[in-house]
Every structure is written in structure tokens, then in C-alpha cells.
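Protein chains in written order, with our numbering: chain C, 165 to 786; chain A, 3 to 338.
Built from N, CA and C at the ideal position, the CB exists for glycine as well.
Taking it in order: structure first as C-alpha cells, then the write-up.
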Ligand code: SF4
């Protein structure tokens, strides 16, 4: 948080604020964070968010396991991460304070709901003494608000029962924080009225609680803590605040629109991918068919069946689901049909950390099938980038008739950022033609259709059932190129294995060359992929601002790589790869390009912060 | 829809050499199908056979239609996606007892309960053929095979009972020794809207020869096959002297003369599932009289059609999708 020179009244202007809302899962912290985000977005700040949920749906109330948090970084300039250490912590109960206190910056503002700091809750959080009184918060700016009782009090006047009133205390918190950080009230009020339409008492209670929070700020004389963040100077355009899973869903719909084929999603619910199933299920008027299958295998199977029928088959899942789908993906590789496979990565192995982020499925995407079964892989780098990457995945799938793996992760899935809406006219134009004519001759000189005759992209024809005269059979058994006839001959298999490898590598011809950003002539190149983009970009920016020379390149295409990657890597003395795994891209780069790439790895279920990246890059370069 | 041209068996036969063991029951099923298809009112172009893995799963290669030989157990799932995406197609699923009841059991029951428009042919030979002779989920207890030298311990599935339990809307049984009956069952199953399961007793002459001989041999059929016919009393025997009666203990085989004609069950394909289930329980071994024919045929909403109807309803309610509107469907703000 940086002070700026000009001060208006007592509200100080700062460039950015990082606020972390934390409370029990039942306290509505995600909603509070969402509302604060929306108000900030409409106000015009740049922002990035990081919601963090507990894995349990309802962990015992008041416990550390039940703490749910939402971090938002608002700024008056372009930012790429939800921030390093928060400047403000809102703790709705002792467990939230205990779980979150070590994440915030020294001297930060801590806003607590004092009503929740009673004996039982303190014990559940493992506090022997009350941290509000024992000096735990020395050195922090402490704002104590009896949120529960004040909310109950204002609700009493409008006839809301105390138990119901208690549920509105998150709006008290929102009201207080909005006052402190100069957020407009109007968007939240409109939202409350829409959301709770028809439930007048709930509307009244939430509005009253919000205003009580506002008023508390005034009357408790917290003016000294008031801050404001001006709108960011973003490029002109219309913006919306979007999370990765929504952007991904919209990208798929956009791709379907551009290519002119309907979408079919086969999916089995799994965290953190289910929201794509939910979102696409809302848009059946776009001709989107969604199918909640009996398991992960049926999910991908049904999508492949739909692709065979001429739809864009999609399956969405997280790592455990990819493991189950592996055999069907091998079939898709052998059938050479378009298929979009979306992995919203989470902490593994096994059930691992279902609600936490990790990016350790790259090797599985690359090699997680039996035999040589190459699949192109693309990865999204920010919530809004999910939109573009979805379109790119569909482009590759339909042009090259191949299953494509799209990697996102829990951080991108739920994190949000302002997104400048693209114009529909500017979206990539995609096209595909189904086969309509015979292309071979049988022994008796009759015209027949051969399913494995290739075009200049080495793609076979997509001949959908129902097409006149093109009856043919395809399958997972090794086949002869051209005719598609079953063929077990040794030299044929050798030929086909190499051909499948080559045809996927050939996709590089239509991948745009990578651009190095930062100091192109530096000694050190930071190579990233996936959701580390925000933290790397921010870290590189800070290092350069401090006079250090660093170059950066970020990969969307992980298989095949962009055509100029090898040449770029060769230009740098040091290649450093921050990854949320133990070094999977690092290993691929070393294997492919014989470079001494070094990993900076993080596998704690949390995304990198820019600050820690700066420190670790500096360690590597000293 | 394009007019259906006249065809013959040859038109429905692909150019691929058939590779089942000589004498395998699959040949007679294939012939029955290739002869039947010209009589069914669909074009080859609109017909798709999807299979998994196993001897039976070679079937699509021999039909001159569209076809996919997929992976073990997954054909009902793949076919579900195809049938939902393309309700205009005629989708058949072919597999054996290992494919559909063991590795793919889950997909089969879900396709049945959803009532996806699929005609599913389950070739039951009570053995694993392609992997050379292990016991299958329909093999009898005590079966001695390479993997069960001391006899198998597994209680077998009764595919008809299983399908009825999964609330299938069409369930039938036939056998590979009677082309006319097979064709009748295939025809009925094909005409059914929704998921139709036909169990075909199929002889694997290499690993389980004669498994159904006691009931399907020509001279045994009168005494051993109970041919279910809608609206007719369930009677069998050379003189029609035996019949089936429903008692508190389920379906019982009785001498008609002992109980009187009016006690004999009159078969009703649309009746309560419990009666069909009782009938399916009559064939617990291969030495006792076994019902064949249609156990149950009822109407229920077909899945793909219902899914398409939701799309139409969504378009009716919200208009056809407008991408620009979608992108602006969350709160937006302008930066100038
Ligand atoms: S192994 Fe049995 S079922 Fe398979 S082809 Fe040979 S005879 Fe037929």
C-alpha cells in the first residue's frame, strides 16, 4: 500500500489495497467478497481475486477447518495477481483470525467481529486467551465491531427475528469495509433487491445491516483509517468481471458459434470443474447439449460419441477424472476425432486438495495414456485468457481432428479479473468441412470411402454418420493409413505410431511465434505456463522497476511448443521456470531443447505471490 | 428424410473378411441381421453399430453401415452421446456378456434407466472368448476355467433380471439357433422408442460349447423353451401341456391339467415389472425351461428426444443464443 501525495478530506488515496475476508463457511464470506469485487469493478478499479474454500461442505462451525476466505486486490493501475500480503483482514470469528493472521502484512488493519470472540469460539480456534486482549494484535491497526449484536439491533426495528438477523452480519461487514475503502453503495443495494426479490424481510435486513456497517464507521470515528483507490486507467472498452470457469464456458460457446457446430458436454461433477457444467447447462438456447454422465468414463465416452456424430464433444473434469478417462483418450487419438478435454487442475495425488490449486497434471496430459498417444495441450494463463484458450483448443481439435487437452486450475477457475469484452466480429474465424465424397477405389473398381486418407494438415476426413455413400468403420485397433482397414503388420504399426506423432507436431505450423517481454537482452529468462502468468508478470515488473534485467516468456501451447521456443531459450544464459509442481515443464524443456532450465517450484495449494517469486528468482540468479 | 432404397443382404455386408471361429454362434446372428436390415425402413447411411471389445464386438466391421469398434465396456456410453447428438440416426450397440455386464455394467444400466434410443444386443455366451476362456459374469457357479481351476465362486447375473431392475423399457431374449425368432426380436427392439435390450444366447463352440444345447437344440425346444407371446397364456411343451403360474413364491412351472387353464399366466408385456421379473427368474440354470421373447415393452419418455425438447424450450423462452448478449450478461462498465 503506497501513499500518494494528494489527500482529499481525511480519506487518503492509495494505489492499491489488498483485503482478505475470512470467516466461518456459514458466514457468507465468499458472497461478501463477491459483492465487494463487483462494486470495485463497477467503480473502475483493476482487480484480481482469490477465493479459498474449505474442502468440507459444512465443517464444524467455528473451527479452523471451516474457515472460508476471499482475497481481493484492487488497484488504480493494471495488476495481475490477487496480491501478496493483505493490508486488511476481516475476521468474523477467532478461527478466521488464527488461520489468516500470519498471511497479512505487518501493521495491517484487522477488522474483527468482537461478538464472536467468546469462550466457546476461542476454545474451538485453539486460543487459550482472547487475542483481542492479550497483545496478539499489537502492532496492527485493530478495528473492533460487535457486528452480530449491532445487526440484530437494527433488524429488531424492522421485525426480523434475532436468529434470522444474525445471517445478515456479513452485510454489516461489507457495509463497514465499503465505508472504509470508499466503495459505492448503489451496486450492492441493487444486487440485494434483485437477489432476494419477493423476500422483503431479507432485503430489509441486509440493507439495514449494510447501512449499520456504514454508520458504525462514521460513529466509531474510524476516519483515520479511510482509504480510496482511484479507478484504473485501463484501455477503453466495455468490461466485465469474470472468473476462469465462466470465461472458459463462454469461450466454448463462442468457438461453437464461430465454427458453426453444436456443443456437446459430457461431464461428471468434480471440484473445481463443476461450474463449467453448470454454466453450459444454462445456455441450451445456444444449442448446447449437456449430459451429466454416470461416471468420468461415460462423460468422455459420450462426448466422443457426439464428436463422431459431428458435434464439438467436450468433457470437463479435474485430475482424478483425467486418470479415469485415459483409455478413452487413447481411443480418441486412434480414431482421430476432435474432442476437447478440460482439466481444471487441483492438488493431488488422489483426492489430494480438492479445493486448492496446483498445476501438476502436465505430464499426465502429455504422457498419461498407454502406448504412444500424443495429444496437443494448451493452457490458460489468467481467468479471462480461458476464453481465448477455449477457442484455440477448438480450433486445433477441428482443424487437425484430434483430442486436445486444455489445462486450467483451481486458481483460474474461481479467481476473477476485469475483462475487456471482445467484439464478436473480431473473434477468430474457424471453419470445418465434413467429408461428402468417396475418396478411394476398392479391388473391384468401385468408389469407396477410406476414413484415413489425409489432407495437407495430415488430418483425416470427418465423415459423419448420415452422409450419403460414406459408410465406414473405425476403431481402436491398429489400422492401415488410407483405407483404415485393420492392420497388425509390424511395419504398419511402426509407420502409424510415427505418423500420429508427426501429425501432432505439425500443429506447430499454425501456432503463432512466442514474444519475449521485459528486457529481451537480459541474461535471465523466466519461462511460465498456466496460472503463474500473473505472479511472474508482476515479479518481473518489480525486478525491472528495481533496475534488474529480466526477460519473460509465457507458453499457451505445451504440446507442440510454439515454433520459435527453442531459438528463444538458446538466447539466454539462465532459464528459470516457476511452476506449481516439482518441475514438469522444466523437465520437458530440458528433454526437448537440452537447456539447463531450473525450476522454482511451489506445491502448497496456493498460487505464487509476486513477492516470493522476486525473492526466489533473485536466489537463483545470484 | 431421404427415401430408403431397396437393398439386399449384400448391400448390408461390408467387404471385411469375417474372423470368428468357424462354427461360432456369432455367424448366425450376423446373417440374421444382414437379412433383416433390408426389411427395416432405414438407410445404411443412417445406421450406426457401436461395439466395445470382445468377440461380439467385431460385429460392426461386418455391417456395411457406419460403425465404431470402441473400447471395452464403453459402447453404451459412446452410443449415448451419439444418440443424443444425432436423434436422426439409428444407433445399435453390440457386445458380449463380459463387455456389457462386467467392465461396462455401469454404462449398460444407466443407458437402460435413462431410456436412450439405442437397440442393444447382448450376445451372452457365458464365457470370455477373446481372452481365451475365463469365466464371465454370466457363467454358472462352479465353472471350471483357466482362471477358476477349482470352480468359480461368483453367482451369475441374469441379464434379463438386471435389465428389468434397471427399469429398462424393452427387454427380450432370443437365441442363435432360431433365425426367425432372432429377427422378430431385433425387429421389435428396433421399433421400440427408447433403450431396448435383447439378450441373445450365443454358442461359443471353442470355450463353452453347448452351453445352451439343453434348451436350444431343435428336439429340446418344445420342452425347454417358453415362448412368451403378448396376450397369450404362457404355455409350452409338445402338447402345450405345461404352463407358468404366478404364486406368492414367484413364477412356477406347472402342469396345466393340474391347476386348470384359468390359473395360467396370460403374458402382458406392459404389465407390472414384478411379473416380468418373476418370469426372468425361471431360467436360473441351463437345464430348466427358459422363457424367450419379449418380457417387457412399455412406453417412457425417450432421453435424446427429451434433451432436444429442452433445447427447443430454451430457445423458445430465451430466443436463439446471441453471443454478444452472453458476453454482456454479467454487470459491465465502460472505460473511455
Ligand atoms: S472364441 Fe467363442 S465366441 Fe469367440 S469367435 Fe470363437 S467361438 Fe465365437
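Sequence-distant residues of the same chain with beta carbon closer than 8 Å to residue i, five excluded per side
i	result
residue 21 (chain A)	60
residue 616 (chain C)	500, 624, 643, 644, 645, 646, 647 and 648
residue 405 (chain C)	201, 202, 205, 211, 580, 581, 582 and 583
residue 686 (chain C)	713, 714, 715 and 736
residue 330 (chain C)	312, 315 and 316
residue 170 (chain C)	Note on residue 170 (chain C): pLDDT 41, under 50, position unreliable in the model; the coordinate value appears next. Cβ neighbours of residue 170 (chain C) beyond the five flanking positions: 177.
residue 536 (chain C)	661, 664 and 665
Residue i burial status per 10 Å Cβ neighbour count (16 or more: buried)
i	result
residue 766 (chain C)	buried
residue 276 (chain A)	exposed
residue 745 (chain C)	buried
residue 204 (chain C)	buried
residue 127 (chain A)	buried
residue 619 (chain C)	exposed
residue 555 (chain C)	buried
residue 631 (chain C)	buried
residue 293 (chain C)	exposed
residue 262 (chain C)	buried
residue 212 (chain A)	exposed
residue 157 (chain A)	exposed
residue 289 (chain A)	exposed
residue 258 (chain A)	buried
Residue i, enclosing alpha helix (DSSP H) - first and last residue
i	result
residue 207 (chain C)	193–207
residue 537 (chain C)	Note, residue 537 (chain C): premise wrong, no alpha helix (DSSP H); not H, not E.
residue 189 (chain A)	181–193
residue 414 (chain C)	408–423
residue 548 (chain C)	Element bounds for residue 548 (chain C): n/a, residue is neither H nor E.
residue 527 (chain C)	526–531
residue 9 (chain A)	No alpha helix (DSSP H) contains residue 9 (chain A), which DSSP labels as neither H nor E.
residue 109 (chain A)	107–116
residue 748 (chain C)	748–757
residue 492 (chain C)	483–499
residue 283 (chain C)	283–289
residue 70 (chain A)	Careful: residue 70 (chain A) lies outside any alpha helix (DSSP H), inside the beta strand (DSSP E) at 68–71.
The ligand SF4 heavy atom lying under 8 Å from the CB of residue i
i	result
residue 22 (chain A)	yes
residue 434 (chain C)	no
residue 58 (chain A)	yes
residue 129 (chain A)	yes
residue 209 (chain A)	yes
residue 206 (chain A)	yes
residue 27 (chain A)	yes
residue 132 (chain A)	yes
Assumed close pair residue i, residue j - CB separation to whole angstroms, cut-off 8 Å
i	j	result
residue 237 (chain A)	residue 266 (chain A)	6 Å
residue 475 (chain C)	residue 428 (chain C)	4 Å
residue 543 (chain C)	residue 720 (chain C)	6 Å
residue 472 (chain C)	residue 70 (chain A)	6 Å
residue 95 (chain A)	residue 132 (chain A)	Contact flag wrong, Cβ pair sits at about 17 Å.
residue 32 (chain A)	residue 64 (chain A)	6 Å
residue 87 (chain A)	residue 453 (chain C)	7 Å
Residues near residue i in its chain [Cβ-Cβ closer than 7 Å; skip 5 each side]
i	result
residue 447 (chain C)	417
residue 181 (chain C)	165, 238, 251, 252, 345, 391 and 393
residue 565 (chain C)	500, 501, 502, 623, 624 and 626
residue 146 (chain A)	153
residue 51 (chain A)	61, 62, 65, 67, 69, 94 and 96
Limits of the unbroken beta strand (DSSP E) element including residue i
i	result
residue 743 (chain C)	738–743
residue 306 (chain C)	305–309
residue 237 (chain C)	231–239
residue 584 (chain C)	580–584
residue 177 (chain C)	175–178
residue 229 (chain A)	227–230
Heavy atom of the ligand ZN within 8 Å of residue i beta-carbon
i	result
residue 684 (chain C)	Although the ligand ZN was asked about, the structure shown includes only the ligand SF4 as ligands.
Contact set for residue i: own chain, Cβ-Cβ below 6 Å, skip 5 residues either direction
i	result
residue 168 (chain A)	111, 114 and 115
residue 234 (chain C)	185, 193, 194, 197 and 215
residue 117 (chain A)	171, 196, 197, 302, 304 and 305
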